[in-house]
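What follows is a set of notes on a single structure, which appears directly below.
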Amino acid sequence: MKKVAILASDNMMPGHPQEREDSFEREEQMGKLVPAFAAQGMALDFIRWREAAGRADDYDAMLPLFVWDYFEGNEAAFTAEMAKVDARTKLFNNYKTLKWNADKAYLEDLEDKGAPVISTLTVVRVTETNVARAFETLGTDTLVIKPQVGGGAWRQVLYKKGDPFPSKEVLPPKGAMIQAFLPSVVEEGEYSFLYFGGKFSHGLIKRPKKGDYRIQSLYGGTEETYEPSPQERASARAVLNALDFTPLYARVDLLRGRDGKLKLIELEMLEPYLYLAHADGEAGENKGAQRLAQALAKRLAE
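Each residue of the sequence shown is one higher than the one before, starting from 4 at the first, in my numbering.
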């Protein structure tokens with residue numbers, strides 16, 4: 004049996020005193036991955052990312068799927084640890100990809116390469132001046148302000164023109180992205196399409212609870228299995244085609260733009276929740292878990 008480690012933040016480790024409220028997602032995902040990987044001759048362990056480099060020699064591969072604190076002031080420590088891992092064993096996705104994907108300025112790179120990306124302004128720090136400019140440039144009266152390095156709506160602000168300016172305690176602490184708020188996230192939902200080894204696996208649509216715009220389960224968001232149309236698949240494929248490599252795993256998150264076309268809001272290749280419940284099959288028979296296991300087994304055999 005080959006040994007594979009799934010890397011996690013401390014607050015996603017079972018029994019941690021500050022265990023995240025959405026740790027049920029860990030149980031759901033691992034319950035499908037463990038048997039599916041075993042069927043491909045791979046044993047899965049769940050370990051802290053902070054221990055990864057010291058334990059890398061014991062594993063054939065490491066996947067940082069639950070490192071859900073790397074952006075909370077831990078980016079430098081996390082990337083340093085992943086660089087050491089990448090030098091000692093197979094890291095998926097690799098260090099270069101993770102480092103690039105951790106900073107959401109990658110949206111600009113993808114847009115430059117022709118991918119359909121939501122219009123985004125990147126700023127070194129959020130100020131009243133550049134927010135006022137963003138209202139005009141983006142042609143909107145409601146903005147979403149996000150950290151350049153962040154996830155799960157951490158330090159994310161919905162700001163309407165004329166409201167009191169948010170305090171620095173709630174705004175992104177450093178670099179930020181400013182985007183027009185798209186009503187489609189509430190009216191229609193956010194689409195997520197999962198790809199393993201470059202091939203489509205499954206899709207879903209995520210919706211916020213009434214009165215909110217955040218789609219994460221932590222904020223009451225819900226999901227529904229969704230089969231994308233050929234045109235919707237083409238929008239996601241255009242994003243992946245802009246890459247000069249094929250990631251082992253990728254989640255393409257899309258919103259309907261004001262022009263009626265799907266636009267990339269995030270391309271998750273670092274620590275995406277895989278929403279395996281929206282692929283057919285339970286436990287080790289889950290098709291999404293099987294596709295990921297097969298894709299990794301193929302990479303390890305090359």
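In this text, a Cβ means the ideal position worked out from N, Cα and C, and glycines have one as well.
In this model, Leu-273 and Tyr-252 are separated by some 9 Å (Cα to Cα). Here Pro-150 carries a strand assignment [DSSP, helix/strand/coil]. Secondary structure at Gln-182: strand, using DSSP grouped into helix, strand and coil. Rounded to whole angstroms, the gap between the alpha carbons of Pro-186 and Ala-39 is 38 Å.
For a cut-off of 8 Å, the C-beta gap from Lys-5 to Met-45 is around 5 Å, short enough to register as a contact. DSSP places Phe-95 outside both helix and strand once states are collapsed to three, so it counts as coil. His-281 is not bridged by DSSP to any residue. One alpha carbon belongs to Lys-264, the other to Asp-13, and they sit about 39 Å apart.
About 6 Å separates the beta carbon of Val-70 from that of Ala-11, a gap short enough to meet the 8 Å contact definition.
DSSP, reduced to helix, strand and coil, places Ala-86 within a helical segment of the structure shown. Residue Ile-50 holds the alpha-carbon nearest to the alpha-carbon of His-19 among Ala-90, Lys-209, Ile-50. Residue nearest to Ala-135 within the set Asp-166, Val-242, Ser-220 is Asp-166 (criterion: CA-CA distance).
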